[in-house]
Every structure is written in C-alpha cells, then in structure tokens.
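A.B. asks:
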Amino acid sequence: MTWYFVESLAAAPEPMTIINKDGQPREWTSLRAFQRHESVDIDELLDRVRADRDGETLERVVAMRGGGDRFVRVVPVMGPTGDVYGMHLWIGALDDIPTPPRPAAGLCFHLGTLQAQLTEESWAMSNLPEDIAPHPGTLSPAEMFRRVVRYDAINDLVSMGIEPDPTAIHDARLTVLHNDGHLMFWQAAARGRKDEIHTGMRGLNIDISDVQAPTISPLEALGLGEAAPTDGPAAALIAATASIDRPVIAEWIGKPPAWIDWERETGDTEVFHRDDWDRIRADFESLTPDQESVIRCRIRAFTDTGWQDIEMRCRRYPGEVGANLHVARISKAAATG
C-alpha cells in the first residue's frame with residue numbers, strides 16, 4: 187500500500203514520470219519501469235486522468251501480471267491553467283484503506299507576462315482553513331516566494347522560467363513558513379515549456395514535512411546553530427502572522443534549551459506570556475532589515491511561577507519572509523519586579 191506521485195508537466199503525449207514515493211523524493215522514474223516493478227499496466231488510466239481535466243478522482247481494480255488484483259486510486263493535482271499537472275497514485279491490496287494524500291499544488295510562470303499563476307490549493311498549503319479566500323491567482327515572482335525561508339536552488343528555477351527549455355527539469359527542496367507559524371518542507375518539481383500552449387515553466391509543490399524536517403542551515407553562518415549549554419542562551423525562529431493571535435516559536439536553531447517549557451502535551455502554543463504578545467508583535471511591524479531589537483518579556487519555563495523573564499535579541503530573517511519571521515537569541519534576564 188503505497189502513495190506515489192506522478193508529474194505530468196510536459197505537454198501530452200510526452201511521458202509522465204514518478205517523482206515521489208510515500209513522501210520521499212526519488213529519482214524521476216519512467217512509468218514503464220514503475221509498472222514493471224508493480225506488475226500492473228495503468229497507462230490507460232493515467233492518460234485518461236491527464237486528458238479529462240475535470241479534477242475527479244478515479245478508482246479501479248487492476249489485474250496484476252501473474253495473477254491477483256490491485257486497488258488503484260488516482261487523485262489529480264490541477265494547475266492554474268486547468269490542466270492536470272500531477273497525480274497522487276495509490277496502489278494497494280483490495281482491502282487496503284488509502285491514507286489521505288499529502289498536500290500538493292500546481293503553479294506556472296509565463297514568460298510573456300513575467301507573472302506566476304497559483305491555484306487556491308497552492309494558498310491552502312501554507313494558510314489556515316479559516317483564512318479568507320479567494321486569493322490572488324496571479325503574482326509576481328517576488329510575491330510568490332514571500333513565505334520561502336530557504337530555497338537553495340531558486341536561481342535554477344528562475345533561469346528555467348526566463349530561458350524555457352522543454353528538456354529541462356527541476357527538482358529541489360524548500361522550507362516555507364506556514365501562516366500558523368510553523369515551518370514546512372516541500373519538494374519542488376518543474377519542467378520548462380516552450381510550445382504553442384505555454385512558454386515558461388510549470389511546476390508542482392509537494393508537502394513532505396511529515397517525512398523530512400525543514401532545513402534552516404543558512405542561520406548556522408550567523409553562529410546561532412552552534413551547540414549551547416542546556417541552561418544557557420537559546421536561538422530560535424519567532425513567527426507572527428495576521429492569522430494567529432500570538433507570536434510562536436516556529437523552529438529551534440540547534441538543540442532546544444532544557445529550561446524553557448516549550449513542548450506542551452496539549453499542543454498549546456502559548457509559549458510567551460500573553461501580556462507580552464503585543465510588544466513582540468509590534469517588533470515585527472517596526473524592525474527593519476538592518477536593525478537588531480532587544481525585547482524584555484516572559485517565556486514558559488520550569489520555574490516556581492512557570493515563567494522566566496528573558497531578553498530577546500531579534501533580527502529579521504533575510505528576504506520577504508522576514509516580515510513574519512525573526513531570528514532570536516533568547517537569554518535569561520533578572521526579574522523586573
């Protein structure tokens with residue numbers, strides 16, 4: 187019982203490929219090799235989903251070569267142009283109950299307008315369900331990447347969009363800030379397009395956070411990722427967005443400190459004292475890229491009161507995401523009374 191992900195970014199009838207298995211990115215594999223391994227013939231099913239453009243899930247019982255049957259479910263991932271950009275493909279025993287597929291969405295870039303297009307599913311991947319829709323379907327590249335924390339191969343993707351090559355493929359990982367303040371890890375896949383239908387690039391994002399932790403290693407260059415005493419200063423990414431009422435710790439940089447009571451069994455995200463929320467959030471509105479701020483506040487801790495006075499030295503994270511993400515050095519401070 188396995189979820190595969192099939193990309194169909196090239197113009198039909200160009201072949202589709204397998205790019206992910208159970209959340210793990212893999213070398214792009216031809217469907218022919220995949221079908222030999224799984225002992226099933228599903229070309230016709232996938233071609234039908236690719237051509238239908240209706241976004242409907244397809245389910246079939248497929249005979250295996252050599253005997254036996256397999257249950258197949260195909261969930262299309264639509265692009266902003268109305269084409270099928272990819273497919274979640276489940277293959278399992280007849281009595282298997284498929285798990286929900288991982289979040290995925292299609293996007294594209296048009297060379298003629300220098301604009302990117304996203305689907306509502308693209309927004310949903312990094313937004314809370316209650317966030318107001320619909321969202322803009324057309325963005326500038328800068329707007330599209332505003333929540334990206336780390337994307338080492340972004341220059342390669344941009345080059346693919348402005349110098350389209352239909353034989354070129356892109357496969358990379360990126361770290362993205364969710365609107366609720368946590369970090370996600372995505373697989374990005376793309377193909378260049380240069381045909382009568384589309385000139386530019388078509389791509390897919392797949393959320394693989396459940397199998398791979400987000401990477402934030404550029405911060406190590408700032409010296410914040412180095413090991414620190416368990417009772418000493420801590421380094422973290424602090425997030426604040428319009429969708430949540432409190433600042434939250436998006437990610438620890440290095441080993442989490444032993445003195446901060448941050449891992450709550452109830453899932454409570456109230457790490458900072460609620461009387462300090464406005465002070466911390468105001469810092470996100472005023473701090474400029476070349477500034478460092480110092481904030482006195484309280485954080486949950488293993489103390490008699492359950493709180494520890496701290497001093498946070500904060501800087502904006504590089505790039506547009508810095509409007510909602512700060513790099514913080516957290517140190518114990520004497521109580522102010």
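Just add 186 to wherever you are in the sequence shown, counting from 1, and you've got the numbering used here. The C-beta atom is built at its ideal place from N, Cα and C for all residues, glycine as well. Quick caveat, the model's predicted, so the values are computed rather than measured.
#1: Just to confirm my understanding: we take residue 406, look at its own chain, exclude 5 residues before and 5 after, and list those with CB closer than 6 angstroms. What are they?
#2: Tell me the DSSP secondary structure of residue 309 in three-state form.
#3: Please state whether DSSP places residue 359 in a helix, a strand or coil.
#4: Contact between the region 379–388 and the region 466–478 is defined here as three or more beta-carbon pairs at a separation below 8 angstroms; is this criterion met?
#5: Entirely within the region 436–500 and at least 3 residues each: give me those beta strand (DSSP E) ranges in chain order.
#6: Return the CA-CA distance between residue 429 and residue 365, expressed in angstroms with no decimal places.
#7: Please state if the CB of residue 328 and the CB of residue 356 are separated by a distance shorter than 8 angstroms.
#8: From the DSSP secondary-structure annotation, give me the bridge partner or partners of residue 247.
#9: Around the Cβ of residue 526, are there at least 16 other Cβ atoms within 10 angstroms (buried) or fewer (exposed)?
#10: Of all the options 396, 341, 247, which has the alpha carbon lying nearest to the alpha carbon of residue 368?
#11: Name the two residues that bound the continuous alpha helix (DSSP H) containing residue 231.
#12: According to DSSP, residue 214 sits in a beta bridge with which residue or residues?
#13: For the candidate residues 423, 392, 417, whose alpha-carbon lies nearest to that of residue 445?
#14: What do you get for residue 268, buried or exposed, if any count of 16 or more other CB atoms within 10 angstroms of its CB means buried?
#15: Go to residue 204, then tell me how far its beta strand (DSSP E) extends in each direction, as first and last residue.
#16: Mind checking residue 512: buried by the 16 CB within 10 Å criterion, or exposed?
#17: Run through the region 279–308 for me and flag every whole alpha helix (DSSP H) of 4 or more residues, listed as ranges in chain order.
#18: Which residue's Cα is closest to the Cα of residue 291: 431, 262, 223?
#19: So what does DSSP say about residue 342, is it helix, strand or coil?
#20: First and last residue of the alpha helix (DSSP H) that includes residue 382?
#21: Would you call residue 431 buried or exposed, if buried means 16 or more other Cβ atoms sit within 10 Å of its Cβ?
#22: DSSP beta-bridge partners for residue 274?
#23: For the beta strand (DSSP E) containing residue 196, list its first residue and its last residue.
#24: Given a cut-off of 8 angstroms, decide if residue 363 and residue 170 are closer than it, judged by their beta-carbon atoms.
#25: Kindly indicate which residue of 425, 295, 343, 196 has the alpha-carbon position closest to the one of residue 272.
#26: Compute the Euclidean distance between the alpha carbons of residue 351 and residue 443, then round it to the nearest angstrom.
#27: Note down, in chain order, each residue of its chain lying with its Cβ closer than 6 angstroms to the Cβ of residue 298, except the 5 sequence neighbours on either side.
#28: Under 7 angstroms Cβ to Cβ from residue 353, same chain only, skipping five residues before and after it: list those, please.
#29: Please report how far the alpha carbon of residue 212 lies from the alpha carbon of residue 223, in whole angstroms.
#30: Using a threshold of 8 angstroms, state whether the C-beta atoms of residue 497 and residue 484 are closer than that.
#31: Output yes or no for whether 8 angstroms exceeds the beta carbon distance between residue 278 and residue 286.
C.D. replies: Working from what's here:
#1: Caution is warranted here: a pLDDT of 47 is assigned to residue 406, below 50, making its placement in the model unreliable, and the coordinate value is therefore given only provisionally. So the list is empty, once near-sequence residues are dropped.
#2: helix
#3: strand
#4: no
#5: 479–486
#6: Within the model, the alpha-carbon separation for residue 429 versus residue 365 is close to 6 angstroms.
#7: no
#8: 257
#9: The structure shown has nothing for residue 526, since the chain only spans 187 to 523.
#10: 396
#11: 229–238
#12: Answer by DSSP bridge pairing: none, since residue 214 is not bridged.
#13: 417
#14: exposed
#15: 203–207
#16: By the neighbour-count rule (16 or more Cβ atoms within 10 Å), residue 512 is buried.
#17: none
#18: 262
#19: helix
#20: No alpha helix (DSSP H) holds residue 382; DSSP gives it neither H nor E.
#21: exposed
#22: Bridge partners of residue 274: 191, 261.
#23: Looking at the DSSP string, residue 196 is not in any beta strand (DSSP E), and its letter there is neither H nor E.
#24: Limits of the chain in this structure are 187 at one end and 523 at the other, which puts residue 170 out of reach.
#25: When each option's Cα is compared against that of residue 272, the closest is 196.
#26: Taking the straight line joining both Cα atoms gives about 48 angstroms.
#27: Nothing meets the Cβ criterion.
#28: So the list is empty, once near-sequence residues are dropped.
#29: 15 angstroms
#30: no
#31: no
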